[in-house]
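Peer 1: The following block contains the structure, expressed as structure tokens.
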Amino acid sequence: MSGGPGARAPVVDLRSDTVTRPSPGMREAMRDAEVGDDVLGDDPTVRALEERVAGLLGKERALFFPSGIMANQTALAVLGRPGGEVVVEARAHLVSYEYGAAAALSGLQVRTVEAPYGVLTPAQVEAALRPPSRYLPETVLVALENTHMDSGGRVMPPAVARAHRALADRHGLPIHLDGARLWHAAAAAGVEPRAYAELADTVMVALSKGLGAPVGSMLAGPAAVLEAAWRVRRRFG
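Residues in the sequence shown are numbered from 9 upward in steps of one, following the working numbering.
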């Protein structure tokens with residue numbers, strides 16, 4: 009390293025993988041990007057991003073969101089219904105870091121299940137499903153997280169993800185995947201991101217984690233679900 013005795017050593021900031029800065033090339037691309045009114049569907053750059061992400065994830069449509077929390081909560085609002093229950097791992101981001109938003113915004117309650125290293129098994133999910141009852145809340149949704157942040161980035165194996173899909177299909181339940189770090193999970197598992205995304209009804213992926221974008225997340229899923237998500241996004245502001 010060059011520099012005199014008073015020169016400062018370079019610092020690697022490991023507080024979070026969100027502490028990223030756009031490269032000079034990214035800044036140049038932002039400056040030169042063609043823009044328009046996104047609400048009216050006139051922004052070609054946003055449209056191109058949404059189409060690119062939908063293709064990468066094997067989904068019909070994708071929407072840009074300012075944050076992953078907003079994208080997650082939009083998915084829960086669309087796939088769930090007030091008074092319903094979401095089965096989710098006890099230390100999931102949806103539980104620990106989203107300020108009770110499922111209840112506050114969508115009238116949903118969570119049924120948490122503690123899993124070793126944050127990776128829920130289908131057997132654990134099945135045991136948490138409510139039986140039909142006039143007196144119990146109804147299970148309406150399963151939410152998974154891959155990688156699992158609070159477990160140090162533990163990856164859900166593709167075979168486990170496939171088993172979750174089979175279980176959800178047997179019970180007629182949708183799956184939302186919090187895939188903020190899905191890019192990392194796919195790389196670790198040696199599969200394409202769509203191999204995970206196609207097993208969920210909706211999937212959220214972050215642009216600031218691993219990709220260096222300053223802000224933003226995407227929600228992808230079927231066209232009809234994403235049309236409803238577009239309306240909920242406006243409702244949430």
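Think of the CB as a built atom: it goes at the ideal place given N, C-alpha and C, for glycine as much as any other residue. Bear in mind the structure is a predicted one, so any value in this text is a computation, not a measurement.
Closest to VAL94 by C-alpha separation, out of VAL168, ALA194 and LEU152, would be which residue?
Peer 2: Mapped onto the sequence shown, residue 94 falls at position 86. Selected option, being the one with the closest Cα: LEU152.
Peer 1: Alpha carbon to alpha carbon, how far is ARG239 from LEU190?
Peer 2: Taking the sequence shown and counting its residues from 1, the one referred to as residue 239 is at position 231. Taking the sequence shown and counting its residues from 1, the one referred to as residue 190 is at position 182. Approximately 25 Å between the Cα atoms of the pair.
Peer 1: Straight-line CA distance for THR28 to PRO74?
Peer 2: Taking the sequence shown and counting its residues from 1, one reaches residue 28 at position 20. Taking the sequence shown and counting its residues from 1, one reaches residue 74 at position 66. Cα to Cα, the separation comes out at about 16 Å.
Peer 1: In terms of residues, what are the limits of the beta strand (DSSP E) holding ARG69?
Peer 2: The residue labelled residue 69 in the question sits at position 61 within the sequence shown. ARG69 -> beta strand (DSSP E) spans 69-73.
Peer 1: Return the chain-ordered list of same chain residues with a C-beta closer than 6 Å to the C-beta of TYR125, the five sequence neighbours on each side being excluded.
Peer 2: Position 117 of the sequence shown, counted from the start, is the residue given in the question as residue 125. Cβ neighbours of TYR125 beyond the five flanking positions: SER159 and ARG162.
Peer 1: Tell me, to the nearest whole angstrom, how far the beta carbon of VAL168 is from that of VAL127; I am working on the premise that it is less than 8 Å.
Peer 2: Working through the sequence shown from its first residue, we reach residue 168 at position 160. Working through the sequence shown from its first residue, we reach residue 127 at position 119. So it is a contact: roughly 7 Å between Cβ atoms.
Peer 1: Quick check: the Cα distance between PRO182 and ALA195, rounded to an integer number of angstroms?
Peer 2: The residue given as residue 182 occupies position 174 in the sequence shown. The residue given as residue 195 occupies position 187 in the sequence shown. Straight-line Cα distance between these residues: approximately 25 Å.
Peer 1: Taking the Cβ atom as the reference point for each residue, do LEU65 and GLU206 lie within a distance shorter than 9 Å?
Peer 2: Your numbering for residue 65 matches position 57 in the sequence shown. Your numbering for residue 206 matches position 198 in the sequence shown. Cβ distance < 9 Å, so LEU65 and GLU206 count as in contact.
Peer 1: Please state if the CB of ALA136 and the CB of THR147 are separated by a distance shorter than 9 Å.
Peer 2: Position 139 of the sequence shown, counted from the first residue, corresponds to residue 147. Position 128 of the sequence shown, counted from the first residue, corresponds to residue 136. Result yes, Cβ atoms of THR147 and ALA136 sit closer than 9 Å.
Peer 1: Per DSSP, what kind of secondary structure is VAL103 in: helix, strand or coil?
Peer 2: Numbered from 1 along the sequence shown, position 95 holds the residue referred to as residue 103. Three-state DSSP puts VAL103 in a helix.
Peer 1: Please classify ARG69: is it buried, with 16 or more other beta-carbons within 10 angstroms of its beta-carbon, or exposed?
Peer 2: In the sequence shown, counting from the first residue as 1, residue 69 sits at position 61. Buried, since its Cβ has 16 or more Cβ neighbours within 10 Å.
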